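Comments concern the structure below.
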Amino acid sequence: MSNPVPMAEIWRGPFLESVHSGHAVICDAAGNIVESWGDPDFMMLPRSSSKMIQALPLIESGAAAAAGIGTDQLALSCASHNSAAIHTDRVSAWLETLSLSESDLRCGSHDPKDTEAHHALIRAHEKPCQIHNNCSGKHTGFLTLNKHLGGGPEYNDPDHPVQMAVREAFEDVTGMDSPGFGIDGCSAPNFATTMHGFARAMAFFAAASEDGGSVRERAAAALVQAMTTYPELVAGEGRACTELMRAMDGRVALKTGAEAVFAAIIPELKLGVAVKIADGSFRASECAIAAILVKLGMLEPNHPATLKRMNAPITNCNGITTGYVRPAEGVF
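Per our numbering, the sequence shown starts with residue 0, numbered consecutively.
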């Protein structure tokens with residue numbers, strides 16, 4: 000991995016015990032780099048941090064309007080949710096309005112991250128289904144688009160009209176051709192770009208307005224509004240995206256992704272932020288994004304949601320504080 004720099008540090012007492020390195024870029028609406036750490040040209044897979052880009056064709060195609068999609072459903076289309084009832088009940092109802100079912104999804108299943116939902120399945124002697132997949136909202140959005148386009152059932156295929164529309168949107172907002180894709184945990188293609196390209200895309204969302212501009216700009220603004228209106232649907236209780244968005248009173252849209260990617264959309268500053276930690280550590284990506292948001296004046300340094308991730312105490316089994324997770328020098 001080319002030229003990553005320290006982004007987060009683990010201190011145990013007075014000793015620097017571990018260092019997490021990575022890359023980060025802050026980009027303005029013109030596509031210019033405002034500040035960067037590491038290599039802005041590092042090629043990366045944005046993973047679930049790109050879900051708002053994947054949702055653009057849902058709106059701009061007219062599919063969302065035709066299906067009567069609400070703001071909460073748009074938030075779910077950008078979500079990596081906990082599979083709590085507030086998530087799965089909405090996905091189930093959404094599928095029903097499409098006259099589709101769980102079997103039409105192609106995301107696979109996994110156990111809910113929400114403890115109550117997990118225990119409810121155990122008590123009922125039931126196994127999780129695809130609706131419990133954290134990406135089921137995104138995939139129901141894909142199905143909504145697919146029904147509008149009249150495509151075949153395998154909407155995850157890279158050459159399917161749904162994914163071709165996603166790729167076109169992705170390349171447009173990142174400002175560059177993607178060199179290819181990896182298959183994500185939910186089996187959808189995840190297109191690659193540079194750190195600069197991904198931050199540029201987030202800045203596009205930050206500058207977008209529902210009051211004018213292109214169809215794509217209005218779609219982007221609607222998705223940002225949905226995410227900040229329903230932070231609990233984007234992730235869930237206890238999760239960084241939800242807690243930090245609440246801490247900033249809806250002024251910033253946040254989205255994490257697998258392998259320690261984190262994205263921020265800041266409309267009032269018209270800035271986009273992309274973070275990628277080289278070793279895939281979520282404690283480091285959460286620390287880095289919190290530090291950058293504090294640096295930009297968007298997040299209060301002493302808010303409980305901030306302190307849970309930036310300068311966060313590390314405790315042992317006896318509840319003794321043994322160290323801290325801190326941003327590296329130069330990040331904050």
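Glycine residues also receive a C-beta, built at the ideal position from the N, C-alpha and C atoms.
Bear in mind that the values here come from a model prediction, so they are computed numbers and not experimental data.
Between Phe203 and Ile121, what straight-line distance do the alpha-carbon atoms span, to the nearest angstrom? 44 Å
Nearest to Gly252 by CA position, among Ala191, Leu222, Ser284 and Arg238, is which residue? Note that residue 252 corresponds to Ala in the displayed sequence, not to Gly. Selected option, being the one with the closest Cα: Leu222.
Can you list, in chain order, the stretches of the alpha helix (DSSP H) that have 4 or more residues and sit fully within the segment 121-166? 135-148
Tell me whether Asp183 sits in a helix, a strand or coil according to DSSP, three-state version. coil
I need the straight-line Cα distance from Gly322 to Met244, nearest angstrom please. 26 Å
Is the beta carbon of Thr87 less than 8 Å from the beta carbon of Ala116? yes
Quick check on Met43: does DSSP put it in helix, strand or coil? strand
Which term fits His124, buried or exposed, when burial requires 16 or more other beta carbons within 10 angstroms of its beta carbon? exposed
Between the Cα of Gly279 and those of Trp10, Ser60 and Val18, spot the shortest distance and give me the residue it belongs to. Val18
Return the first residue and the last residue of the alpha helix (DSSP H) that Arg215 is part of. Val214 to Thr228
Cutting at 7 Å between CB atoms, please list the residues of its own chain near Ser20, excluding the five before and the five after it. Pro3, Val4, Pro5, Met6 and Ala277
Could you give the residue range of the alpha helix (DSSP H) that holds Cys316? Premise fails: Cys316 is in no alpha helix (DSSP H) and is neither H nor E.
Would you be able to state if there are at least three C-beta pairs under 8 Å between the segment 206-217 and the segment 183-192? no
Do you know how far the Cα of Pro152 is from the Cα of Trp93? 17 Å
Would DSSP call Pro188 helix, strand or coil? strand
Using only the alpha-carbon positions, how far apart do Ala84 and Gly174 sit? 38 Å
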